[in-house]
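Q:
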Amino acid sequence: QKFSNKLAVRGVSFAVERGECIGLLGLNGAGKTTIFGMMTGRLDIGHGDVRILGENVSSRSSNGFRNLGYCPQFDALNMKLTTKQNLQFFARIKGVPEISMNETIDKLLRSLHLSPYADILT
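If you count the sequence shown from 1, position 78 lands on 118 in our numbering, and the numbers rise without skipping.
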């Protein structure tokens, strides 16, 4: 993965067994956030691929994301998206069917009294 012609991640390979929980440690700028961004579909993968349970998830249309949990050190919301758009993004990653997605999200927003914020940038 490159940013402004600076190589952020190169030659990374690791495996995580089902049920394992991992963390990445490293200096600032070492590429930890970039690696997790590529694993979760938030960032494009320049070269290579990401596989979850053997399924290539590089296309972002994969069901493999259903098997991935991610807890970042900081807020994971995309500030360029609205509250509802952020929820739609994560619902797609989790495999919520498109046909019921908006209804499910609207119900969640109502239950949390967040409906007035649905169309506001996060």
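Ideal placement from N, C-alpha and C gives every residue a C-beta, glycine not left out. On a predicted model such as this, the values are computed, not experimentally measured, just so you know.
#1: Leaving aside the five residues before and after residue 149 along the sequence, list all residues of the same chain whose C-beta is less than 6 angstroms from its C-beta, in chain order.
#2: Do you know offhand how far residue 60's Cα is from residue 109's?
#3: Whose C-alpha, out of 98, 86, 91, is nearest the C-alpha of residue 57?
#4: To the nearest angstrom, report how far apart residue 124 and residue 48 are at their CA atoms.
#5: Is residue 118 helix, strand or coil when you go by DSSP?
#6: Based on DSSP bridge pairs, tell me the residues matched to residue 108.
#7: Applying the criterion that 16 or more other CB atoms from any shown protein chain within 10 Å of the CB defines a buried residue, is residue 97 buried or exposed?
#8: What are the boundary residues of the alpha helix (DSSP H) that residue 138 is part of?
#9: Distance, Cα to Cα, residue 118 vs residue 73?
A: Let me lay it out:
#1: 155, 158
#2: 11 angstroms
#3: Looking only at 98, 86, 91, the smallest Cα-Cα distance to residue 57 is reached by 91.
#4: The alpha-carbon of residue 124 is positioned some 31 angstroms away from that of residue 48.
#5: coil
#6: None; residue 108 has no bridge partner.
#7: buried
#8: 138–151
#9: 14 angstroms
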